[in-house]
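Have a look at the structure below before the remarks.
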Amino acid sequence: MSSEDNLLPLIVEPEQLAEHLGAPELLIVDVPLKADSYTDGHVPGAVFLDHRRLLVGSGTVPNDIPDEEALSKLFSELGLTRDTHVIAYDDEGGGWAGRLLWTLELIGHTRYSYLNGGIHAWRADGQRVEREPSAPTPSDYQATIHQPQAQIRREELIERLGERELAVWDARSPDEYRGEKGKNAHMGHIPGAVNFEWTDAMDPERHLRLRDYAELVAELEAKGLTPDMEIVTHCQSHHRSGFTWLVGKALGFEKMRAYPGSWQEWGNRDDTPIEK
């Protein structure tokens, strides 16, 4: 993503955001795992987004992408316009915020940033919080899938497994990766997938901000994930991998993609290859 025409960089620190609060082109979205995080205190002016609205919510793959009509309704309610710069954050280190930003990428809206560390870093830095909800100003936003390459579907992934320039980043826990934990018909991982758990990219000493970039790049390269590769990331529901997709983008991995079906789809079919 080019940030030349953007108000703020992809990864924005609390003090940077604090300087821009109230800017008319900013739309700050709090998309927490726990709804009471918002009412306990949010970034001033931030609107609340129920993370479930980023998922289709039904069918055999309930974590898949909502259709264009549902996305149009969602982003119109949030007040998104072509000129809006979205700042996303959450209460858990970037999973749901990353899923939101990935969804924006999918519809071709590249004016966005992640508040590094989310609400934890914001509060820890002593920044001002509000408890009263902020109401968005609705817009008429027509969402279409402008950047389909941001995702990969199951059929393409099956076809391309084993390609040297394609890597799969599994953001689940090592137990899930090894097939020792989970609630799917089949356990294990996508053949050739590399396991780097999403929380390993967060710095608990710095309120869940991204860890040192050079260290992360070195650790990912040691696992065979290099910036020149096309990297597909997934977890169980493309929630944790919302963050790992964002991490890859922040580190300069230009061909980051996500598999929205994730293990919820892959691990519950009988025609998908699995390793343990």
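In UniProt numbering, the protein residues as written are 1 to 276.
For every residue, glycine included, the Cβ atom is placed at its ideal position computed from N, Cα and C.
Given 8 Å as the limit, is there contact between the region 91–108 and the region 237–247, that is, 3 or more CB pairs closer than that? yes
Alpha-carbon spacing of serine 134 relative to methionine 202, whole angstroms: Translated into positions along the sequence shown, residue 134 becomes position 134. Translated into positions along the sequence shown, residue 202 becomes position 202. When rounded, the distance between both Cα atoms is 29 Å.
Cβ-based burial, serine 262 [other Cβ within 10 Å; buried from 16]: Along the sequence shown, read from residue 1 onward, the residue named residue 262 stands at position 262. Its Cβ being crowded by 16 or more others within 10 Å, serine 262 is buried.
Inspect the CB distances between the region 166–178 and the region 230–238 and report whether three or more fall short of 8 Å. Yes: at least three Cβ pairs fall under 8 Å.
Check whether histidine 146 and leucine 208 have beta carbons under 7 Å apart: For the purposes of this step, residue 146 is taken as residue 146 along the sequence shown, with counting starting at 1. For the purposes of this step, residue 208 is taken as residue 208 along the sequence shown, with counting starting at 1. It is not a contact, given that the beta carbons lie outside the stated cut-off.
Less than 6 Å between C-beta atoms, sequence neighbours within five positions excluded: which residues of the same chain meet that for tyrosine 177? Here residue 177 refers to the residue found at position 177 of the sequence shown. Correct list, in chain order: Asp170, His189 and Asn195.
Taking C-alpha atoms, which residue in Glu215, Pro148 and Gly79 lies nearest to valine 247? As a working mapping, residue 247 is identified with position 247 in the sequence shown. Put simply, of Glu215, Pro148 and Gly79 the residue whose alpha carbon is nearest the alpha carbon of valine 247 is Glu215.
With C-beta atoms as the reference, is glutamate 265 less than 7 Å away from valine 56? Along the sequence shown, read from residue 1 onward, the residue named residue 265 stands at position 265. Along the sequence shown, read from residue 1 onward, the residue named residue 56 stands at position 56. Cβ distance not < 7 Å, so glutamate 265 and valine 56 don't count as in contact.
State the start and end residues of the unbroken beta strand (DSSP E) segment that holds serine 113. For the purposes of this step, residue 113 is taken as residue 113 along the sequence shown, with counting starting at 1. 112–115 is the extent of the beta strand (DSSP E) around serine 113.
Helix, strand or coil at aspartate 203 [DSSP, three-state]: Position 203 of the sequence shown, counting from 1, holds the residue named residue 203. Looking at aspartate 203 - three-state DSSP - the assignment turns out to be strand.
Nearest to valine 43 (by Cα), restricted to the options Lys34, Asp30, Arg172 and Asp50: Here residue 43 is taken as the residue at index 43 of the sequence shown, counted from 1. If we check each option's Cα against that of valine 43, Asp30 comes out closest.
Looking only at its own chain, which residues have a Cβ that is under 6 Å from the Cβ of glycine 182, when we skip the five neighbours before and after it? As a working note, residue 182 is residue 182 in the sequence shown. These residues qualify, in order along the chain: Glu176.
Along the chain, where does the beta strand (DSSP E) that runs through isoleucine 231 open and close? Residue mapping note: residue 231 aligns to position 231 of the sequence shown, counting from 1. Run containing isoleucine 231: 230–234, per the beta strand (DSSP E) assignment.
Which same chain residues end up closer than 7 Å to alanine 46 when comparing Cβ atoms and leaving out the 5 residues on each side of it in sequence? Here residue 46 is taken as the residue at index 46 of the sequence shown, counted from 1. Taken in chain order, the residues that qualify are Ile28, Val29, Asp30 and Ser134.
Mark serine 58 as exposed unless 16 or more other C-beta atoms lie within 10 angstroms of its C-beta, in which case mark it buried. For the purposes of this step, residue 58 is taken as the residue at position 58 of the sequence shown. Label assigned to serine 58: exposed.
Is the region 265–274 touching the region 117–131 in the sense that three or more CB pairs, one from each, lie closer than 8 Å? no
Go through its chain and collect everything with a Cβ distance to proline 136's Cβ below 8 Å, but skip five positions before and after it. On the sequence shown, position 136 is the one that residue 136 refers to. Closer than 8 Å at the Cβ level, and outside the excluded window around proline 136, lie Leu27, Val47, Glu77, Leu78 and Gly79.
Figure out for me which residue from Asp50, Thr199, His186 and Arg153 has the closest Cα to the Cα of proline 174. Reading the sequence shown from its first residue, position 174 is the one you call residue 174. For the residues Asp50, Thr199, His186 and Arg153, the minimum Cα distance to proline 174 belongs to Thr199.
Quick check on the burial criterion: 16 or more other C-beta atoms within 10 angstroms. Buried or exposed for arginine 111? The sequence position of residue 111 within the sequence shown is 111, counting from 1. With 16 or more other Cβ atoms within 10 Å, it is buried.
Helix, strand or coil for residue 282? Go by DSSP, reduced to three states. Any question about residue 282 goes unanswered here, given that the chain covers just 1 to 276.
Proximity to glutamine 142 [Cα-Cα], best of Ile87, Leu74, His186 and Gly118: In the sequence shown, counting from the first residue as 1, residue 142 sits at position 142. For the residues Ile87, Leu74, His186 and Gly118, the minimum Cα distance to glutamine 142 belongs to Leu74.
Are leucine 54 and threonine 103 touching if we call contact CB-CB under 7 Å? Against the sequence shown, residue 54 aligns to sequence position 54. Against the sequence shown, residue 103 aligns to sequence position 103. Yes, they are a contact pair.
Determine the DSSP secondary structure at leucine 157, reduced to helix, strand or coil. The count along the sequence shown starts at 1 and reaches residue 157 at position 157. Reduced to three states, the DSSP call for leucine 157 is helix.
Does the Cβ-Cβ distance between glutamine 151 and alanine 258 come in under 7 Å? Walking along the sequence shown from the start, residue 151 turns up at place 151. Walking along the sequence shown from the start, residue 258 turns up at place 258. Yes, these two residues count as a Cβ contact at 7 Å.
Based on the DSSP secondary-structure assignment, which residues constitute the bridge partners of asparagine 195? Residue numbering aside, residue 195 sits at position 195 when the sequence shown is read from its first letter. Looking at the DSSP assignment, asparagine 195 forms a beta bridge with Asp170.
For glutamine 147, three-class secondary structure by DSSP: Start at 1 with the first residue of the sequence shown, and residue 147 comes out as number 147. Of the three classes helix, strand and coil, the one that applies to glutamine 147 here is coil, per DSSP.
Quick one: what does DSSP say arginine 123 is sitting in, helix, strand or coil? Numbered from its first residue, the sequence shown carries residue 123 at position 123. In this structure, arginine 123 counts as helix in the three-state DSSP scheme.
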